[in-house]
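Going down the list, the sequences are from chains X and Z. The numbering of the first sequence is the numbering used here, which starts it at 1 and goes up by one. The numbering of the second sequence is the numbering used here, which starts it at 1001 and goes up by one. Even for Gly, the Cβ is constructed at its ideal location relative to N, Cα and C. Working notes, structure below.
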Amino acid sequence: MEMIEKNNNETIKIDDPFYLGGQTFNSRLLTGTGKFASREIIAPMLNGCGSEIMTVALRRMDADAGAKNILAYIPQGVTLLPNTSGARTADEAVRIARIARAAGCGDFIKIEVITEMKYLMPDNYETLNATRILAAEGFKVLPYIMPDLTLAHRLQDAGAAAVMPLGSPIGSNRGIKMEEMIRIIIESMDIPVIVDAGIGRPSQAAQAMEMGADAVLVNTAIATSLDPVMAARAFAMGVTAGRMAFCADMAGETNQAQASSPLTGFLRETA
Amino acid sequence: MEIQLNGAMVTTSAPHLMALVKAQGLDPGSVIIEYNHGVIKQDTWEKTPVRPGDILELLSFVGGG
């Protein structure tokens, strides 16, 4: 990793590209478009945090005519990551993915198949089935999963562009409760691991990145904060801090103290 | 004629898809049409007649995570 310090020593640019689905990104913070009180805040939020990939959802239009398509609020150049939220089966997820691509959203698709409505846990089996179909059709598939190593391997074998294990339930702000399972997946995968769901604080985003996650996806915590622009910047800083710490290969923990000052007594030879 | 629109049977006299979208009071620029299980591009909406029994979904991108 190359660090370039600018004259004032305050701004540090890191040459640490994020490769996903055959594309190169600078930001490792993916953001969502749900739950914003005002959609006009999305553009300044993106400007402030540098996120280059944004999720969107697809729904039936209702009588609420005149409501502008969310795409109208997303700046040009942002890579769209449509999700398959609302899908209960692999077939429904595949249908949504095909519509999204045909509508001009590109090849990325976040597979989200949920049948359990209290904790919104993903259905790993249907997700795998959808991934197999869509990867074969040339989609860049990002499956949202309950962290399970065997499943992650099968998704990788099926051609997934990344896996997106959940940190904790969607929108819960509870952080990386699935830490140990995610750590195992990170250690084992060749494809990127993007921690999705439950990240409620920049410190939790930093934690995921320190663990070696390739990126994180944050929506609720930014969108529902009082100041989404500032919150997004804070998350971007958390992601960068965590990533830099990972790349710096921080030392591990020990139970006993490890002196950071010389152990000799002040005026004596032995401690 | 009767068509299936967003899961419900409705009666319409719209001659083509563009007219149908406008009759629903929707902004064409915000609508994605799934027409008999396939997506149909907007530049063909005016040429695509609405026929009895058509299955249409009028969709749009919305905020999501």
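- Listed as beta-bridge partners of Z:Leu1020 by DSSP are no residues whatsoever.
- Three or more Cβ pairs closer than 8 angstroms define a contact, and the segment 115–122 of chain X meets that threshold against the segment 162–169 of chain X.
- Listed in chain order, the positions of the segment 200–219 of chain X with a beta carbon within less than 9 angstroms of a beta carbon of chain Z are Leu217, Val218 and Asn219.
- Identification of chain X residues near Z:Val1010 by a Cβ-Cβ cut-off of 8 angstroms yields none; the smallest Cβ-Cβ distance measures about 12 angstroms.
- In the three-state scheme derived from DSSP, where H, G and I count as helix and E and B as strand, X:Phe18 is classed as strand.
- DSSP, read as helix, strand or coil, puts X:Gln256 in coil.
- At the C-beta level, X:Phe108 and X:Gly22 stay beyond 8 angstroms of one another.
- Take the alpha-carbon of Z:Arg1051 and the one of X:Ala215: they are about 48 angstroms apart.
- X:Met54 has X:Thr31 and X:Leu80 as its beta-bridge partners, per DSSP.
- Note on geometry: alpha-carbon atoms of X:Asp91 and X:Lys110 lie some 14 angstroms from one another.
- With a beta-carbon spacing of about 5 angstroms, X:Gly50 and X:Ser27 fall inside the 8 angstroms limit used to define contacts.
- Of all residues in the segment 29–59 of chain X, only Gly32, Thr33, Gly34, Lys35, Phe36, Arg39, Thr55, Val56, Ala57, Leu58 and Arg59 come within less than 8 angstroms of chain Z when Cβ atoms are compared, listed by chain position.
- If you draw a 10 Å sphere on the C-beta of Z:Met1009, you find fewer than 16 other C-beta atoms in it, and that means exposed.
- Look at the beta carbons and you see the segment 1039–1050 of chain Z touching the segment 1017–1024 of chain Z: at least three pairs across the two are nearer than 8 angstroms.
- Membership of Z:Leu1026 in any beta strand (DSSP E) is not indicated, and neither H nor E is assigned to it by DSSP.
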